[in-house]
Structures are given as C-alpha cells and as structure tokens.
Amino acid sequence: MSSAATRDLISRYYAAFNAGDTATMVALVSEDVAHDVNQGGRREGKALFAEFNAHMTRCYRETLTDIELFVNADGSRAAAEFIVNGTYLASDAGLPEARGQTYRLPAGTFFDIADGRIRRITTYYNLEDWIAQVSA
2 MSSAATRDLI SRYYAAFNAG DTATMVALVS EDVAHDVNQG GRREGKALFA EFNAHMTRCY
62 RETLTDIELF VNADGSRAAA EFIVNGTYLA SDAGLPEARG QTYRLPAGTF FDIADGRIRR
122 ITTYYNLEDW IAQVSA
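Quick note on our numbering: the sequence shown kicks off at 2 and runs consecutively.
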C-alpha cells in the first residue's frame, strides 16, 4: 500500500470517528486487528474492536481536532497526533463518576497497515490528566 493510500485510509478512519460512525471504523480494520488501549490490555479481532467502540459510545462523546498524520514511505505504518475534545456521559468502571464533564487532552495513535486495512491500533494519552479534568 502506498503512503498516499495509507494517509487516505487513516483520514477516513478519523472522519468516521468524528462522525460517530463506528460501523465504518470497524469496516476499515482487518479481521485480526490488534487494538491496544491506553492503560489497558490488547483486544484482538473485529468483534472485540466493535464491542470496545460500543462501550466508548455509551460512556463518552469525543471529537478529535488538530489531527496531524505521519506515514512511512511504504505505507505500512502510520501515526497520528491530535486533541481529544470530549464529554464524559456515563460512568466507566474504575473511573470517576460521570456527570457530563468535559475534557480536552492531547493523544496519539500508532497504526500498522496490511492489505489495505488497519491491522494494529495503539493509542496513548495521559490518563492522570483526564482524571484530573473530570474530577475538578
């Protein structure tokens, strides 16, 4: 896959994220996608990725802004840096109680690409910063 095709794939993924279109997000990943969640374990496969997205949709409303994409020369790997602008909608296990708090924090994601699909998604953000924002 070319770097331009990878850039387009990741751009479509983030456009779907910002539109709340989790079905398109799931369609863009491989059957065996590895999804590494910040401060959590790895989920493998489309079913677990879709389950995670359903959980996130229930607990959070998020839009990503200031997205910067970085793609290697052969298109097999990519990274994105962005700002998460969110609202905490429903309490998530082990985290502070949700009361509609808003938050804004920088984050980044790394991707592996194979056969025109996203094969790995690894996201990082500062959980302590998020907790401080929703606890204020």
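Every residue, glycine too, gets a C-beta built ideally from N, C-alpha and C. The structure presented is a predicted model; accordingly, all values stated were derived computationally and were not measured.
For residue i, count neighbouring C-beta atoms within 10 Å of its own C-beta (all shown protein chains included) and say buried if the count is 16 or more, exposed if not.
i	result
Arg-121	buried
Ala-81	buried
Leu-10	buried
Please say whether residue j and residue i have beta carbons closer to each other than 9 Å?
i	j	result
Thr-87	Arg-100	Sequence check: residue 87 is Gly here, not Thr. No, the Cβ-Cβ distance between Gly-87 and Arg-100 is not below 9 Å.
Arg-59	Leu-90	yes
Ile-132	Ala-79	no
Ser-12	Ile-119	no
Phe-83	Thr-103	no
Val-72	Phe-50	no
Val-27	Asn-54	yes
Glu-52	Arg-44	yes
If residue i and residue j are in contact, beta carbons under 8 Å, what's the gap, nearest whole angstrom?
i	j	result
Gly-76	Ser-4	5 Å
Tyr-14	Leu-29	5 Å
Count the C-beta pairs between the region 95-109 and the region 4-23 that are closer than 8 Å, then say yes if the count reaches three, no if not. no
For the region 34-50 against the region 122-136, do three or more pairs of beta-carbon atoms, one drawn from each stretch, fall closer than 8 Å, so that the two count as touching? yes
Sequence ranges, beta strand (DSSP E) only - wholly within the region 4-75, length at least 3: 30-37, 43-45, 61-72
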